[in-house]
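Take the position in the sequence shown, starting the count at 1, then add 2; the result is the number in this note's numbering.
Idealized CB from N, CA, C, for every residue including glycine.
Please read the structure below before turning to the comments.
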Amino acid sequence: MKSFFRFFAERHLFANLFTITILLLGVSTLTVIKRDIYPNVDIGRMIITTYYPGASPEDVELNVSNKIEDELKEITGLKEITSISMENVSSIRVDIESDVEDMEKVKDEIRREVGQVTDFPAEVTESPDIWDIKTPFDPFIEVGITGNIPYRQLRELARIFEKKLENVEGVSRTTRYGYRLREVQVEVSPESLNTYQVPMREIISAIRGRNIRGSGGSLESYTSEKNVVTLAQFRKPEEVGDVIVRSTFDGPLVRVKDLALIKDDFEEEKIISRMNGRQAISFSVFNKQSADIIRTSERIKDLIKREQNLMPGGVEIMIHHSMYAISSE
Numbered sequence: 003m004k005s006f007f008r009f010f011a012e013r014h015l016f017a018n019l020f021t022i023t024i025l026l027l028g029v030s031t032l033t034v035i036k037r038d039i040y041p042n043v044d045i046g047r048m049i050i051t052t053y054y055p056g057a058s059p060e061d062v063e064l065n066v067s068n069k070i071e072d073e074l075k076e077i078t079g080l081k082e083i084t085s086i087s088m089e090n091v092s093s094i095r096v097d098i099e100s101d102v103e104d105m106e107k108v109k110d111e112i113r114r115e116v117g118q119v120t121d122f123p124a125e126v127t128e129s130p131d132i133w134d135i136k137t138p139f140d141p142f143i144e145v146g147i148t149g150n151i152p153y154r155q156l157r158e159l160a161r162i163f164e165k166k167l168e169n170v171e172g173v174s175r176t177t178r179y180g181y182r183l184r185e186v187q188v189e190v191s192p193e194s195l196n197t198y199q200v201p202m203r204e205i206i207s208a209i210r211g212r213n214i215r216g217s218g219g220s221l222e223s224y225t226s227e228k229n230v231v232t233l234a235q236f237r238k239p240e241e242v243g244d245v246i247v248r249s250t251f252d253g254p255l256v257r258v259k260d261l262a263l264i265k266d267d268f269e270e271e272k273i274i275s276r277m278n279g280r281q282a283i284s285f286s287v288f289n290k291q292s293a294d295i296i297r298t299s300e301r302i303k304d305l306i307k308r309e310q311n312l313m314p315g316g317v318e319i320m321i322h323h324s325m326y327a328i329s330s331e
C-alpha cells in the first residue's frame with residue numbers, strides 16, 4: 003500500500019491529471035445518469051385479464067378464472083396464484099419464484115397454458131390480456147387545469163394541453179380524470195310517441211341505420227380498381243334530429259326531432275377529480291423507462307409556466323404529486 007501512494011507522490015503531474023480525469027468523469031456521468039422513484043427490476047409477476055360481458059362474479063369465477071387457474075397449476079416455478087373475479091372481468095395475478103433458473107421460460111409457459119384454454123363461454127370474444135409487470139405503473143406527477151369557466155371551454159383547453167404534455171421529452175403517456183366524453187343525448191318525449199304512434203325501437207333503429215361507415219367492396223375495370231365506401235356518419239349533433247323515423251305515402255314524415263329533444267352534452271360524471279380542493283380536469287403523467295424523472299419533471303414545469311401565460315383569466319394549471327379522486331359509483 004505504501005508503494006502505491008509513493009508512486010503518485012513521486013509523480014505529481016500524473017497524480018493531478020488522474021484526479022482531474024476522475025472528477026470530469028464524475029461530472030459527465032452526473033449529467034446523464036438516470037434517476038427514478040423505483041428501480042427498474044423484473045419482479046416476476048404477470049397479470050392475466052379476461053373480459054366476460056354481462057356475467058356475474060360467480061359466473062366469471064366458474065367459467066373463466068377457475069379454468070385458467072387449472073391450467074396454470076401444471077407449471078413449475080410459480081410462487082402464488084391470486085384471482086379476483088368481478089362483474090364482467092377476471093383478473094389473475096401470477097407470482098414466479100425468485101430463484102427459478104430461467105424466468106423468461108416460465109413466462110412463456112404461462113402464456114402458452116393460458117392460450118390452451120379454449121372452452122370459454124361464447125360471450126368471451128377476446129383472448130385474455132397478459133401483462134408482464136417489470137416496471138412500476140404509478141404516475142410520478144399529476145397536472146390539473148381548473149377555472150371558473152364553462153366546462154366545455156375548460157375541456158377544450160385541457161384537450162390541447164394534454165397533447166403538449168404528451169410531447170414532453172421523457173413522458174410516455176397520460177391518464178385523464180374528470181374528462182367527460184362528448185355525448186349526443188336524445189331525450190324522447192312519451193307524449194310525442196303517443197301522438198305519432200311510434201315505438202322506441204323504431205327511433206333506435208333509424209338512428210343506428212343512419213350513422214354508418216362501411217366498405218361496399220370494389221369496382222374493377224380494365225384500367226383501375228376503386229373501392230366503394232358508405233359514409234353516412236353524423237358530422238354535427240343537430241343532424242340526428244333530421245333522421246327520418248317513418249315515411250309513408252298517406253302519412254306525415256316523422257323525424258327524430260319531432261319525437262325527441264337533441265342535446266349536445268357530455269356523459270355523466272363517473273370520477274370527480276380535485277386538486278387543492280378545487281374541481282379540475284387532471285392528468286396522471288407516466289415517464290418512459292429510460293427517462294430521468296427529475297429532468298422530465300423540470301420540463302413539465304417549464305411547459306406549465308409557458309402555457310399558464312396563454313390561459314384565459316381565472317384558469318389555473320396546477321401541479322401536484324398526489325391527486326384526489328372521488329368515485330361516484
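Using the beta-carbon count (16 or more within 10 Å), is residue i buried or exposed?
{"i": "residue 120", "result": "exposed"}
{"i": "residue 234", "result": "exposed"}
{"i": "residue 127", "result": "exposed"}
{"i": "residue 285", "result": "buried"}
{"i": "residue 202", "result": "exposed"}
{"i": "residue 109", "result": "buried"}
How far does the beta strand (DSSP E) with residue i in it extend, from its first residue to its last?
{"i": "residue 263", "result": "262-268"}
{"i": "residue 151", "result": "Per DSSP, residue 151 belongs to no beta strand (DSSP E) and is neither H nor E."}
{"i": "residue 284", "result": "283-289"}
{"i": "residue 102", "result": "From DSSP, residue 102 is part of no beta strand (DSSP E); its letter is neither H nor E."}
{"i": "residue 317", "result": "317-322"}
{"i": "residue 135", "result": "131-135"}
Does DSSP classify residue i as helix, strand or coil?
{"i": "residue 210", "result": "helix"}
{"i": "residue 194", "result": "helix"}
{"i": "residue 228", "result": "strand"}
{"i": "residue 310", "result": "helix"}
{"i": "residue 77", "result": "coil"}
{"i": "residue 182", "result": "coil"}
{"i": "residue 143", "result": "strand"}
{"i": "residue 12", "result": "coil"}
{"i": "residue 200", "result": "coil"}
Could you give the distance in angstroms between the alpha-carbon of residue i and the alpha-carbon of residue j?
{"i": "residue 186", "j": "residue 143", "result": "33 Å"}
{"i": "residue 158", "j": "residue 102", "result": "51 Å"}
{"i": "residue 141", "j": "residue 295", "result": "11 Å"}
{"i": "residue 147", "j": "residue 227", "result": "50 Å"}
Could you spell out where the alpha helix (DSSP H) holding residue i opens and where it closes?
{"i": "residue 247", "result": "Taken as a continuous stretch (DSSP letters only), residue 247 belongs to no alpha helix (DSSP H), being part of the beta strand (DSSP E) at 246-248."}
{"i": "residue 110", "result": "105-117"}
{"i": "residue 62", "result": "59-62"}
Sort out for me which residues DSSP pairs residue i with in a bridge.
{"i": "residue 189", "result": "263"}
{"i": "residue 53", "result": "91"}
{"i": "residue 277", "result": "280"}
{"i": "residue 205", "result": "DSSP, once it has assigned bridges, lists no residue as partnering residue 205."}
{"i": "residue 82", "result": "97"}
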